[in-house]
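Take the position in the sequence shown, starting the count at 1, then add 7; the result is the number in our numbering. Built from N, CA and C at the ideal position, the CB exists for glycine as well. Worksheet: one structure, shown below.
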Amino acid sequence: MSTVEKERDYFSRMQQGDKCAFEYFFKTYVDMLYAYAMGFCRDQDVAEDLVQEAFVRFWTMREKLSYSESIYGYLQRTVRNICINQKVRERVEEKYRQAVLHSDEDEFCWENCGGSCWKRLTDCRRNVGKCLFLVAWKG
Numbered sequence: 008m009s010t011v012e013k014e015r016d017y018f019s020r021m022q023q024g025d026k027c028a029f030e031y032f033f034k035t036y037v038d039m040l041y042a043y044a045m046g047f048c049r050d051q052d053v054a055e056d057l058v059q060e061a062f063v064r065f066w067t068m069r070e071k072l073s074y075s076e077s078i079y080g081y082l083q084r085t086v087r088n089i090c091i092n093q094k095v096r097e098r099v100e101e102k103y104r105q106a107v108l109h110s111d112e113d114e115f116c117w118e119n120c121g122g123s124c125w126k127r128l129t130d131c132r133r134n135v136g137k138c139l140f141l142v143a144w145k146g
C-alpha cells in the first residue's frame with residue numbers, strides 16, 4: 008500500500024471517529040509541525056500550543072474535511088493561519104493594553120497589579136487550549 012493510499016485509509020477511519028487513525032497523523036506529523044511552528048514564533052510553549060490547536064481543529068473538523076493529497080500540507084497551513092491570527096490578536100491586545108495604561112480613567116490600572124493580571128490572562132488563554140484538546144480527544 009502506498010503512502011497516499013495509507014493516509015487516505017487512515018483519514019477515512021478518522022472521519023468516522025477512529026482515534027487510532029487520528030493518533031497515526033499526530034505521531035507522523037507532530038515533530039515536523041513543531042519545527043515549522045518554531046520558525047514562526049521561536050518560543051517552545053507557543054509552538055506547542057499552535058501545533059496542539061491545529062490537531063484539535065483537525066479532529067473537531069474531521070467530518071467536514073475532504074481528503075487532499077497532503078494531510079501534512081493541510082496541518083501546516085492550519086498552524087500558519089493560527090500563528091497569523093495569534094499575532095494579530097496579540098497586536099490588538101497590546102494596543103488595548105497601551106490604551107488602558109495611558110488612559111486618565113482609574114477604573115482599572117494595569118500598573119497597580121504589576122503585570123500579574125496580564126500574565127494570568129495570557130496563562131488562562133493557553134490553558135483553555137489545552138483543556139479543549141483533552142476534551143476533544145476524550146470525546
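Please go through the same chain and pick out, in chain order, the residues whose beta-carbon is closer than 8 Å to the beta-carbon of residue i, but skip the five residues on each side of it.
i	result
Cys90	Ala44, Phe47, Cys48 and Leu57
Arg15	Tyr74
Which term fits residue i, buried or exposed, when burial requires 16 or more other beta carbons within 10 angstroms of its beta carbon?
i	result
Met8	exposed
Thr10	exposed
Gln59	buried
Arg84	exposed
Where residue i and residue j are concerned, what is the direct C-alpha to C-alpha distance, given to the nearest angstrom?
i	j	result
Arg69	Asn88	18 Å
His109	Tyr103	10 Å
Leu72	Arg98	31 Å
Tyr31	Ser77	14 Å
Thr67	Phe29	11 Å
Trp117	Val107	Confidence at Trp117 is low in this model, with a pLDDT of 49, below 50, so its placement is unreliable and the value that follows should be read with caution. If I take the Cα positions, the gap works out to 8 Å.
Met39	Tyr17	19 Å
Gln93	Ala54	11 Å
With H, G and I counted as helix, E and B as strand and the rest as coil, what does DSSP make of residue i?
i	result
Ser75	coil
Gly24	coil
Asp16	helix
Arg87	helix
Asp50	coil
Cutting at 7 Å between CB atoms, please list the residues of its own chain near residue i, excluding the five before and the five after it.
i	result
Phe33	Phe62
Once the 5 residues before and after residue i are set aside, which same chain residues still bring their CB inside 6 Å of it?
i	result
Tyr36	Tyr79 and Leu82
Phe65	none
Counting only beta-carbon atoms, is residue i nearer than 8 Å to chain D?
i	result
Phe29	Reference to chain D is not applicable here, since this structure consists of a single protein chain.
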